[in-house]
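Beneath this line is the structure, given in structure tokens, with notes to follow.
Residue numbers (my numbering), protein chains in the order written: chain A, 358 to 565; chain B, 2 to 350.
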């Protein structure tokens with residue numbers, strides 16, 4: 358083997374070792390629905406804030422403590438599960454005036470980049486997760502300030518990692534312009550979620 | 002809910018546009034059919050795009066932080082509206098009701114082509130059939146009924162219709178719309194001048210009743226768009242009566258049935274308009290504007306009475322049911338009174 362061939366083989370070996378090491382650090386998680394909360398708040402006529410939640414979501418993520426850039430997040434929210442503690446309003450929020458849940462049954466977020474911050478950001482975030490949010494038929498790139506809350510085994514031995522994030526979205530940017538400005542444009546969103554580690558080390562199903 | 006700018010841009014403005022168009026075209030060409038067809042299109046598109054431009058304008062003002070500076074009457078000033086964005090939305094739609102203007106424009110073609118040459122009627126019929134099948138597919142594509150893949154990230158059963166269900170729904174809606182279109186087109190064959198005016202008034206009433214029904218089905222946006230259609234028909238009717246055009250809404254069968262049918266389809270699948278109410282409203286519109294299946298031996302007076310009775314009966318059922326539903330949602334005086342009772346008034350520590 359000539360000099361170039363030897364170097365090429367060495368590079369390949371090194372790359373394979375690095376990839377294996379990386380893979381060993383990253384772990385797959387499935388969203389634990391019963392410990393996931395997706396909350397929103399919006400101004401009503403400027404007099405008060407109305408809060409609500411989405412009760413049904415699915416998702417998975419890969420988390421790598423040593424190399425956060427290798428992490429990724431995918432979240433899917435079922436639009437019809439909106440709950441603002443008022444059935445008539447929920448029906449209205451589901452139909453063509455707002456979320457149009459029959460036309461756009463899912464809100465999805467798919468990360469494209471995860472960055473660890475050298476020190477916590479203004480909202481206490483430890484990471485910035487950039488990704489594509491698709492809502493109401495419109496896809497926009499957003500940055501979610503993610504705060505890692507903790508990880509470890511739960512009382513039943515399943516390994517969990519949990520996060521939270523808070524952000525503000527403008528509904529008009531997603532084509533939801535009905536009743537502006539009486540119903541506010543800015544929507545405060547809080548998401549807190551836990552994932553159950555998948556694999557041979559004591560993880561289990563993410564279902565309730 | 003219904004404010005001044007809604008009435009201005011979704012009511013008066015489309016009515017004036019429709020009336021002005023029919024007047025100009027009738028004076029210029031004396032062709033009543035094309036004047037009716039064009040004015041229904043112009044009135045509806047003017048109202049639809051203006052309401053859309055106003056909503057987009059509100060969003061733009063909010064995003065620029067200029068809403069307060071624009072004052073409380075910003076929604077009366079069209080300089081605050083985003084007309085280009087509203088037009089663009091109709092050609093790059095994300096929501097079903099955004100497609101209605103494009104479908105309405107396409108609907109003007111078959112009846113216009115049908116009047117041309119020997120092959121015109123056959124080509125017109127084929128185009129009508131194609132558009133009636135295209136309409137439900139276009140409105141429902143990508144929704145939960147005909148879902149699109151979410152990509153490799155989400156391994157999820159999206160449900161949706163089977164191929165058979167999709168074919169049955171799309172074929173069924175398409176066939177129903179085509180039938181309604183044919184019924185309305187035949188309206189002129191058994192009508193005269195007075196009949197045309199009555200049909201125009203009844204069609205306006207049906208559109209108005211449909212607006213109430215759609216609001217009862219919990220969609221203000223779709224209700225507003227049916228309100229635009231009501232105003233458009235009212236403008237056309239008034240102008241047509243004054244100018245004695247000797248035609249009725251049958252001349253605008255394509256745009257009328259496609260706009261009305263698209264809004265009803267959207268209301269059923271994306272709001273809470275029941276299939277029965279949608280069918281009754283479409284039947285009421287067809288009988289109001291089009292051919293009436295009664296013996297030709299009946300005198301004109303009895304024919305008109307039969308048309309009005311059948312149409313109002315078909316319209317009455319969904320309107321009354323929706324009205325009751327709406328009334329049930331309103332806070333009643335009794336309920337208000339109970340909330341004022343102080344449960345602690347007899348409490349003595």
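Quick reminder that beta carbons are idealized off the backbone N, C-alpha and C, glycines included. Since we're looking at a predicted model, the values are computed, not measured.
Item                                                                                                                            : Value
C-alpha gap between residue 126(B) and residue 183(B), whole angstroms                                                          : 9 Å
Chain-ordered neighbours of residue 401(A) on chain B, where CB pairs are closer than 9 Å                                       : Ordered by position in chain B, no residue passes the 9 Å Cβ test against residue 401(A), which lies about 14 Å from the chain.
Neighbourhood of residue 478(A) by C-beta distance below 7 Å, restricted to the same chain and skipping five residues each side : 502
Short CB-CB distance (under 8 Å) between residue 527(A) and chain B                                                             : yes
Residues sharing a beta bridge with residue 479(A), DSSP                                                                        : For residue 479(A), which the question treats as bridged, DSSP gives no partner whatsoever.
Cβ-based neighbour list, residue 545(A), same chain, cut-off 6 Å, excluding 5 preceding and 5 following                         : 398, 525
Alpha helix (DSSP H) segment containing residue 175(B), residue limits                                                          : 164 to 186
CB of residue 435(A) within 8 Å of CB of residue 413(A), strictly                                                               : yes
Proximity test, Cβ basis, 8 Å: residue 64(B) and chain A                                                                        : yes
Exposed unless 16 or more other CB atoms sit within 10 angstroms - verdict on residue 562(A)                                    : Summary for residue 562(A): the model assigns pLDDT 46, below 50, so the residue's position carries little reliability; its value from the coordinates is reported in the next sentence. Exposed is the call here.
Cutoff 8 Å: residue 150(B) Cβ touching any chain A Cβ                                                                           : no
Residue(s) in a DSSP beta bridge with residue 516(A)                                                                            : 510(A)
Residues that residue 409(A) contacts on chain B, provided the C-beta gap is smaller than 9 Å                                   : Those do not exist, as residue 409(A) stays about 17 Å from chain B at its closest Cβ, beyond 9 Å.
Member of 411(A), 393(A), 405(A), 497(A) whose CA lies at the smallest distance from the CA of residue 442(A)                   : 411(A)
contact_flag[the segment 483 to 491 of chain A, the segment 458 to 474 of chain A] where n(CB pairs < 8 Å) is 3 or more         : yes
Closer than 7 Å at the beta carbon, the chain A residues around residue 271(B)                                                  : 452, 453, 457, 459, 460
Segment limits, alpha helix (DSSP H) that includes residue 468(A)                                                               : First-last for residue 468(A): 463 to 473, but that is the beta strand (DSSP E), not the alpha helix (DSSP H).
Backbone CA spacing between residue 511(A) and residue 451(A) [nearest angstrom]                                                : 36 Å
Per-residue contacts from residue 57(B) into chain A (C-beta, under 7 Å)                                                        : 534
Cross-strand partners of residue 386(A) (DSSP beta bridge)                                                                      : 418(A), 554(A)
Extent of the continuous alpha helix (DSSP H) to which residue 90(B) belongs                                                    : 84 to 92
C-beta atoms of residue 83(B) and residue 47(B) nearer than 8 Å                                                                 : no
Other residues of its chain near residue 467(A): CB distance less than 6 Å, five sequence neighbours each side excluded         : 431, 488, 489
As assigned by DSSP and simplified to three states, the class of residue 245(B)                                                 : coil
Length of the line joining the Cα atoms of residue 255(B) and residue 134(B)                                                    : 14 Å
Beta-carbon proximity check, residue 447(A) vs residue 551(A), cutoff 8 Å                                                       : no
Sheet register partners of residue 492(A) (DSSP bridge)                                                                         : 495(A)
Neighbouring residues, chain A, relative to residue 184(B) (Cβ below 9 Å)                                                       : Chain A residues near residue 184(B): none, gap ~28 Å exceeds 9 Å.
Three-state secondary structure (DSSP) of residue 301(B)                                                                        : helix
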